[in-house]
Amino acid sequence: MSLHAAHINLTVADGTKSRTLLNDVSLNINSGEVVGIVGPSGSGKSTLLGVLGCLQAADSGTAVLETATTSVDLLNLKNSKHAAQLRREHIGIVFQQPNLLPSLRVIDQLMLIPHLGRVLPLSPSQKSHYQRKAQDLLAAIGLPDIAQRKVGELSGGQQARVNLARALMNEPDLLLVDEPTAALDQTSAREITQLIVSMAHDFEAASLYVSHDMEQIKTLDRHIELVDGRVLNQGKIPATL
């Protein structure tokens with residue numbers, strides 16, 4: 000799995016003027032590679048994730064996701080239904096806030112994913128398969144015994160881990176991570192970042208990780224710097240970052 004994005008542009012209205020959010024952005028991410036996105040506030044980091052996650056349309060450009068079986072242009076969106084289908088089939092998103100549903104047990108938070116977009120309910124064998132997958136993911140994130148707990152019984156760090164497990168339920172080809180540790184202490188943030196990198200490598204997902212924390216960025220494979228919506232530089236993580 001790999002992502003090849005080229006010449007992505009996005010301009011939006013800003014009062015009587017227009018504002019460029021993404022300016023000729025091009026990047027490549029290899030299978031299993033975790034690439035950090037850095038830059039000042041308002042530089043276009045989250046906007047880029049939104050475009051690549053089929054949450055926001057770009058004005059122009061291409062973003063071709065190469066999977067094991069097909070090639071998909073994430074910017075060639077027919078409609079919102081098509082965008083949702085691409086997210087279900089190819090993309091995992093780790094949001095800044097876990098947005099877990101307080102009424103559901105942890106296992107059910109993960110089981111929501113295979114139910115999305117389905118006309119018919121899961122068969123008993125399908126349900127059993129996905130329950131095993133959910134339990135395996137909870138074990139992989141180091142929380143094998145919390146399947147029956149609800150959100151109110153979880154710490155912030157545990158919620159962040161469940162947030163990651165949910166994003167991996169569809170075995171995504173592209174993993175998009177948007178500052179998932181902003182509300183965590185340094186120790187928990189470091190642990191979550193290490194876990195995300197490890198899981199992205201294991202799943203061989205092409206991954207983009209937005210963060211303002213330079214210590215987290217150092218643990219990634221390389222970085223891309225955005226300034227005013229334009230790629231300023233990209234490369235290996237410098238030792239002095």
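FYI, numbering that gives the first Met the number 0 numbers position 44 of the sequence shown as 43, with every residue one higher than the one before it.
Even glycine gets a Cβ: it sits at the ideal position worked out from N, Cα and C.
Item: Which residues in the same chain have their Cβ closer than 7 Å to the Cβ of residue 89, if we skip the five residues on either side of it in sequence?; Value: 64, 66, 71, 171, 172 and 173
Item: With DSSP run on the structure shown, which of helix, strand or coil describes residue 169?; Value: coil
Item: Return the CA-CA distance between residue 247 and residue 34, expressed in angstroms with no decimal places.; Value: Summary: the structure shown does not reach residue 247, with the chain confined to residues 0 through 240, and so no result is reported for it.
Item: Below 8 Å, how does it come out for the region 15-34 and the region 199-209: are there three or more Cβ pairs, yes or no?; Value: yes
Item: Use the C-beta contact count for residue 141: other C-beta atoms within 10 angstroms, 16 or more gives buried, fewer gives exposed.; Value: exposed
Item: Run the CB neighbour count on residue 209, radius 10 Å, all protein chains shown included, and call it buried at 16 or more, exposed below.; Value: buried
Item: Which residue wins for smallest C-alpha separation from residue 241, given the options 153, 181 and 61?; Value: Residue 241 lies beyond the residue range present for the chain, which begins at 0 and ends at 240; the question has no answer from this structure.
Item: Distance check for residue 18 and residue 138, CA to CA, integer angstroms please.; Value: 45 Å
Item: Whole angstroms are fine: how far does the CA of residue 91 sit from the CA of residue 53?; Value: 11 Å
Item: State the DSSP-derived secondary structure class of residue 239, mapped to helix, strand or coil.; Value: Any answer about residue 239 is weak, because its pLDDT of 46 lies below 50 and its placement is not dependable; what the coordinates show is given next. If DSSP states are grouped into helix, strand and coil, residue 239 belongs with coil.
Item: Can you tell me which of the three DSSP states residue 152 falls into?; Value: helix
Item: On the DSSP letters alone, give me the boundaries of the beta strand (DSSP E) that residue 186 sits inside.; Value: No beta strand (DSSP E) contains residue 186, which is instead part of the alpha helix (DSSP H) from 185-202.
Item: Checking the sheet assignment: what are the DSSP bridge partners for residue 62?; Value: 4
Item: Contact defined as beta carbons within less than 8 Å: I believe residue 62 pairs with residue 116. What is the distance between those atoms, to the nearest angstrom?; Value: With 8 Å as the limit, residue 62 and residue 116 do not qualify as a contact, their Cβ atoms being about 21 Å apart.
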